[in-house]
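Report on the following structure.
Number of protein chains: 2
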Amino acid sequence: MSTMGEQPTPKGLRLKRVAIDTYRENVAYLHRDCALYRAEGFQALSKIEIDVDGQRTLAVLNVVDDAAIVGPEELGLSETAFARLGASEGTAVRISQAEPPVSMDAVRRKIDGDRLTREEFHAVIQDIVAGRYAKTEMAAFLVACTQNGLDRDEVLYLTQAMLKTGEHLDWHERLVADKHCIGGIPGNRTSMLVVPIVAAHGMLIPKTSSRAITSPAGTADTMEVLAEVELPPERLREIVQVHRGCLAWGGTARLAPADDVLIAVERPLGLDSQGQMIASILSKKLAAGSTHLLIDIPVGPTAKVRSMRQALALRKLFEFVADRMDLHLEVVITDGRQPIGRGIGPVLEARDVMQVLQNDPEAPQDLRQKALRLAGRVIEFDPDVRGGQGYAIARDILDSGRALAKMNDLIEAQGRQRHHFAPGELGFEVRAERDGVVVGIDNFLLARLARYAGAPMDKGAGVDLFKKLGDPVEQGEPLYRVHAQFPADEQFARRLVAQKGNGYRIGNDSEIPSAYVEF
Amino acid sequence: MSTMGEQPTPKGLRLKRVAIDTYRENVAYLHRDCALYRAEGFQALSKIEIDVDGQRTLAVLNVVDDAAIVGPEELGLSETAFARLGASEGTAVRISQAEPPVSMDAVRRKIDGDRLTREEFHAVIQDIVAGRYAKTEMAAFLVACTQNGLDRDEVLYLTQAMLKTGEHLDWHERLVADKHCIGGIPGNRTSMLVVPIVAAHGMLIPKTSSRAITSPAGTADTMEVLAEVELPPERLREIVQVHRGCLAWGGTARLAPADDVLIAVERPLGLDSQGQMIASILSKKLAAGSTHLLIDIPVGPTAKVRSMRQALALRKLFEFVADRMDLHLEVVITDGRQPIGRGIGPVLEARDVMQVLQNDPEAPQDLRQKALRLAGRVIEFDPDVRGGQGYAIARDILDSGRALAKMNDLIEAQGRQRHHFAPGELGFEVRAERDGVVVGIDNFLLARLARYAGAPMDKGAGVDLFKKLGDPVEQGEPLYRVHAQFPADEQFARRLVAQKGNGYRIGNDSEIPSAYVEF
Numbered sequence: 095m096s097t098m099g100e101q102p103t104p105k106g107l108r109l110k111r112v113a114i115d116t117y118r119e120n121v122a123y124l125h126r127d128c129a130l131y132r133a134e135g136f137q138a139l140s141k142i143e144i145d146v147d148g149q150r151t152l153a154v155l156n157v158v159d160d161a162a163i164v165g166p167e168e169l170g171l172s173e174t175a176f177a178r179l180g181a182s183e184g185t186a187v188r189i190s191q192a193e194p195p196v197s198m199d200a201v202r203r204k205i206d207g208d209r210l211t212r213e214e215f216h217a218v219i220q221d222i223v224a225g226r227y228a229k230t231e232m233a234a235f236l237v238a239c240t241q242n243g244l245d246r247d248e249v250l251y252l253t254q255a256m257l258k259t260g261e262h263l264d265w266h267e268r269l270v271a272d273k274h275c276i277g278g279i280p281g282n283r284t285s286m287l288v289v290p291i292v293a294a295h296g297m298l299i300p301k302t303s304s305r306a307i308t309s310p311a312g313t314a315d316t317m318e319v320l321a322e323v324e325l326p327p328e329r330l331r332e333i334v335q336v337h338r339g340c341l342a343w344g345g346t347a348r349l350a351p352a353d354d355v356l357i358a359v360e361r362p363l364g365l366d367s368q369g370q371m372i373a374s375i376l377s378k379k380l381a382a383g384s385t386h387l388l389i390d391i392p393v394g395p396t397a398k399v400r401s402m403r404q405a406l407a408l409r410k411l412f413e414f415v416a417d418r419m420d421l422h423l424e425v426v427i428t429d430g431r432q433p434i435g436r437g438i439g440p441v442l443e444a445r446d447v448m449q450v451l452q453n454d455p456e457a458p459q460d461l462r463q464k465a466l467r468l469a470g471r472v473i474e475f476d477p478d479v480r481g482g483q484g485y486a487i488a489r490d491i492l493d494s495g496r497a498l499a500k501m502n503d504l505i506e507a508q509g510r511q512r513h514h515f516a517p518g519e520l521g522f523e524v525r526a527e528r529d530g531v532v533v534g535i536d537n538f539l540l541a542r543l544a545r546y547a548g549a550p551m552d553k554g555a556g557v558d559l560f561k562k563l564g565d566p567v568e569q570g571e572p573l574y575r576v577h578a579q580f581p582a583d584e585q586f587a588r589r590l591v592a593q594k595g596n597g598y599r600i601g602n603d604s605e606i607p608s609a610y611v612e613f
Numbered sequence: 095m096s097t098m099g100e101q102p103t104p105k106g107l108r109l110k111r112v113a114i115d116t117y118r119e120n121v122a123y124l125h126r127d128c129a130l131y132r133a134e135g136f137q138a139l140s141k142i143e144i145d146v147d148g149q150r151t152l153a154v155l156n157v158v159d160d161a162a163i164v165g166p167e168e169l170g171l172s173e174t175a176f177a178r179l180g181a182s183e184g185t186a187v188r189i190s191q192a193e194p195p196v197s198m199d200a201v202r203r204k205i206d207g208d209r210l211t212r213e214e215f216h217a218v219i220q221d222i223v224a225g226r227y228a229k230t231e232m233a234a235f236l237v238a239c240t241q242n243g244l245d246r247d248e249v250l251y252l253t254q255a256m257l258k259t260g261e262h263l264d265w266h267e268r269l270v271a272d273k274h275c276i277g278g279i280p281g282n283r284t285s286m287l288v289v290p291i292v293a294a295h296g297m298l299i300p301k302t303s304s305r306a307i308t309s310p311a312g313t314a315d316t317m318e319v320l321a322e323v324e325l326p327p328e329r330l331r332e333i334v335q336v337h338r339g340c341l342a343w344g345g346t347a348r349l350a351p352a353d354d355v356l357i358a359v360e361r362p363l364g365l366d367s368q369g370q371m372i373a374s375i376l377s378k379k380l381a382a383g384s385t386h387l388l389i390d391i392p393v394g395p396t397a398k399v400r401s402m403r404q405a406l407a408l409r410k411l412f413e414f415v416a417d418r419m420d421l422h423l424e425v426v427i428t429d430g431r432q433p434i435g436r437g438i439g440p441v442l443e444a445r446d447v448m449q450v451l452q453n454d455p456e457a458p459q460d461l462r463q464k465a466l467r468l469a470g471r472v473i474e475f476d477p478d479v480r481g482g483q484g485y486a487i488a489r490d491i492l493d494s495g496r497a498l499a500k501m502n503d504l505i506e507a508q509g510r511q512r513h514h515f516a517p518g519e520l521g522f523e524v525r526a527e528r529d530g531v532v533v534g535i536d537n538f539l540l541a542r543l544a545r546y547a548g549a550p551m552d553k554g555a556g557v558d559l560f561k562k563l564g565d566p567v568e569q570g571e572p573l574y575r576v577h578a579q580f581p582a583d584e585q586f587a588r589r590l591v592a593q594k595g596n597g598y599r600i601g602n603d604s605e606i607p608s609a610y611v612e613f
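Protein chains in written order, with our numbering: chain Z, 95 to 613; chain W, 95 to 613.
Structure follows, in structure tokens:
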């Protein structure tokens, strides 16, 4: 009865690495004819526990019918799962039906409407980081947090749990600034202006950004039109030390491993959980070493936040958590009624940014103004700057060409992009159907249109706006041009306009919604 | 600009079937070095749309680093996705980032607390059946229905939607009976007694059952100890016509495709949505052609339903939906304070069933009594049976050996099991820690213990109870024996008892919880 260890147990399988990247979900592959376990005993999508000499990992099961992927006496593991188990190919492994992670009890209680404790949030996040949650379990957690909501203490606990489970950067400076927009406004590329301005002022602003997931361009995608953005951590540190800033891709997996995997599940679901968003933003910024953070909340009828009441509630929640995490945070509520600048899509947005930096008279003034205001507020984090002086300092830096010079320094330091990206040559113009004034531009639809046209993957794809809110238009006058690189994308974009309209509302002056601007 | 169709578009990839069964989730595999699309442009877990000459399918993306699985110019599809697309290997396909299915808007509204319409439930279920939902989207739908609950109209709509999206059986008889227990009580194998009794009475009872997913044995697993249970539909139909009944595995995918895939996501999450459960049960029974259905709701401190109030609410909900679906339904509320019979696990449960059928004086009386009462109620569906006479008829059929004869007929017809399964030879006894009376048995813990010991995969594994509620015990007297087949399972089960206790509460008579029995 105690022959274990001396001979392979009757359930031994040989471990095999299957080179499939399932994005941090552990997946196990078992051949349908697996001699020892009829695969039916488990069922596809079951969770199994894999055991190598007491080292255990959970994985979701996929059943395989091709012995080239896994043979009947092998257990295949996806790359994440294989790396996590840390055993070599050929090792004898045992598998068994897995119980769900213990912290799922807390998730189920959250689904039932309970409030969770600090310890429970920590346990959930730790299990997620350790790969013990299936994607569906993460989805359940996210929906539970969205549906009954998180109270402010719960948001704090979640933030703390997410911060605790990742690595931290330390810049060894007293003031490390950052800015972050909650998103939803196409063309809103202010970071590419705020960073050079603030860095030129001498304040440390090591900005790392994400690539677009559901939007037509992230800051990283747009910056990549001009420079390399995927830099090794050591290189990034050098650049920041020399130039006081950077505009790089975050690759946040190390700093915020829980957030990284939760976002991958949450975004495609289109969930909108304020608590989850705040925990995600603040834990990432804290892990990246920020001490001072400016949050931009755009408000408008087609923005993420649609009323001032909502924006204020969100601001309070940001403040509550930041205060308890010892982060100096300020929130600005900005005009989110329409896209910022003209271009939507990496190449077109990069063009707008460079026009502003070059003080080109053609530069979009709304982008310039917004960037100056944000940069001004960040500069006022500097204790030596008198309240209210930030804007003037920022404007001087921009007008004098020092911001452009800083941007060029950053581009050279990160590595100037060798490929020349141009706006997509295919496309079509969308024209006004009547005379009048532009009284509404649908952020959501225009973002979608730019994506349909191929952005952000095709950097030249996107939408170039000729008219903004309040502009008079005549019937037949072009409102915007869609740029695409491939005929199929162009068609796809055309179909969207045909089905959903062009996103513009033409009316008379009195119908223009009023802006909520708080800074 | 209109060269499409004449030559492959720049984004053309060749289709490849990847023999991985992802259980009805469409998964696409793209090589990381895919020349046309840098895989990073999409991100693993993104949803992509696959287009072959206008035929479109959605799939979740996995990124592959092994050209043996897919090459850089190929698009691999999991078996489900490949079959769904219906194109042959080598076909040129286009892919693009997919929008979530339109009906996800309804899911998000449900998450926000809205009530959904009949049309919205239909759209969600149709999209799920068509493979347009990722597992995470299904999890979101399920959690949303659990958390804010479904009102009774929504349960009806969901039932109708699930029924509409599958095939239907028609037995061409006026009265097709079935029984169903909502589950949660180990050892509760009454179907294997009710079916032979009712079929011997001459009533049609074509019972198909599931295999265990989270329990230590389903009726199909236990019946398989005695006979074949996986039968082709035509064979099943013949058996039912000749013998008036069957005890087979459901293979419900055709009849209730939505339920099949939702359950695969729901069960591992351990969600407990009454509305979802009712829709699942009733749509499946209606699709299987049932006209008369008896529902068994066990109530007890460790049962799924823990109070009479809850049981009554559930009964009303069953009745509401059944009445509107033109199904004759009756609900019995039964004693769920402890496991039924002695054995837990396929072999041990099959032994109990056969003892009852053989009128063995050792047969567990609780199993016999419960089966007779249920069978009696089913028999009373017969308009020729006077109300209150069902029990006596059932008892006569059992006592006379006609039920045993019918069971043997079914076993022969389905194909007698050629493999002899015996109780696992490893294992251990669990003994009373003090003198007293058994005042509590934890259904949930004992089910888990039987699973840890290897049930239902190892048919001989499980738990054999020696003591039930109210039995006096002396310190050191065995309460039950755990049977296992493999040393590792035995150890796993031992560890559970060490950690969580043995599931028995010993006290004095007055502490025994009272039973709620309504029939």
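We treat Cβ as the ideally placed atom computed from N, Cα and C, and that holds for glycine.
The beta strand (DSSP E) enclosing residue i, as first and last residue numbers
i: histidine 125(Z); result: 121-125
i: valine 425(Z); result: 422-429
i: glutamate 167(Z); result: Element bounds for glutamate 167(Z): n/a, residue is neither H nor E.
Sequence-distant residues of the same chain with beta carbon closer than 6 Å to residue i, five excluded per side
i: serine 374(Z); result: Asp353
i: glycine 470(Z); result: Gly484, Tyr485 and Ala488
i: lysine 500(Z); result: Pro290, Ala293 and Ala294
8 Å Cβ cut-off: residues of chain W touching residue i
i: glycine 364(Z); result: Pro194, Met198 and Arg202
i: asparagine 282(Z); result: Within 8 Å Cβ-Cβ: nothing; asparagine 282(Z) doesn't reach chain W, min ~20 Å.
i: glutamine 452(Z); result: The contacting residues do not exist; glutamine 452(Z) stays about 29 Å from chain W at best.
Backbone secondary structure at residue i - three-state DSSP
i: arginine 272(W); result: The amino acid occupying residue 272(W) in the given sequence is aspartate; arginine does not appear at that position. Strand.
i: lysine 141(Z); result: strand
i: glutamate 519(Z); result: coil
i: alanine 349(Z); result: Reading off the sequence, residue 349(Z) comes out as leucine, not alanine. In the structure shown, leucine 349(Z) sits in coil (DSSP, three-state: anything other than H, G, I, E or B).
i: histidine 386(Z); result: strand
i: arginine 226(Z); result: coil
i: glycine 148(W); result: coil
i: glycine 316(Z); result: Just to set this straight, residue 316(Z) is threonine in the shown sequence, not glycine. Residue state, collapsed to three classes: helix.
Limits of the unbroken alpha helix (DSSP H) element including residue i
i: glutamate 474(W); result: Element bounds for glutamate 474(W): n/a, residue is neither H nor E.
i: cysteine 128(W); result: Element bounds for cysteine 128(W): n/a, residue is neither H nor E.
i: lysine 378(Z); result: 368-381
i: threonine 396(Z); result: Unbroken run through threonine 396(Z): none, as it is neither H nor E.
Spatial distance of residue i from residue j (CA atoms)
i: isoleucine 473(W); j: glycine 554(W); result: 33 Å
i: glutamine 579(W); j: leucine 252(Z); result: 43 Å
i: serine 608(Z); j: glutamine 432(Z); result: 12 Å
i: glutamate 328(W); j: threonine 316(W); result: 23 Å
i: arginine 400(W); j: aspartate 390(W); result: 14 Å
i: valine 531(Z); j: glycine 570(Z); result: 13 Å
i: histidine 262(Z); j: serine 384(Z); result: 10 Å
i: glycine 296(W); j: threonine 302(W); result: 18 Å
Residue i: contacting residues in chain W (beta-carbon distance under 9 Å)
i: leucine 524(Z); result: According to the sequence displayed, residue 524(Z) carries valine and not leucine. Chain W residues near valine 524(Z): none, gap ~18 Å exceeds 9 Å.
Spatial neighbours of residue i in its chain, beta-carbon cut-off 7 Å, leaving aside the 5 residues before and after
i: proline 351(W); result: Val223, Thr259 and Gly260
i: aspartate 221(Z); result: Pro195, Ser197 and Tyr227
Partners in chain Z for residue i, counting only beta-carbon separations shorter than 9 Å
i: isoleucine 222(W); result: The premise fails here: isoleucine 222(W) is roughly 14 Å from chain Z at the closest Cβ pair, so nothing lies under 9 Å.
7 Å Cβ cut-off: residues of chain Z touching residue i
i: threonine 240(W); result: Ile205
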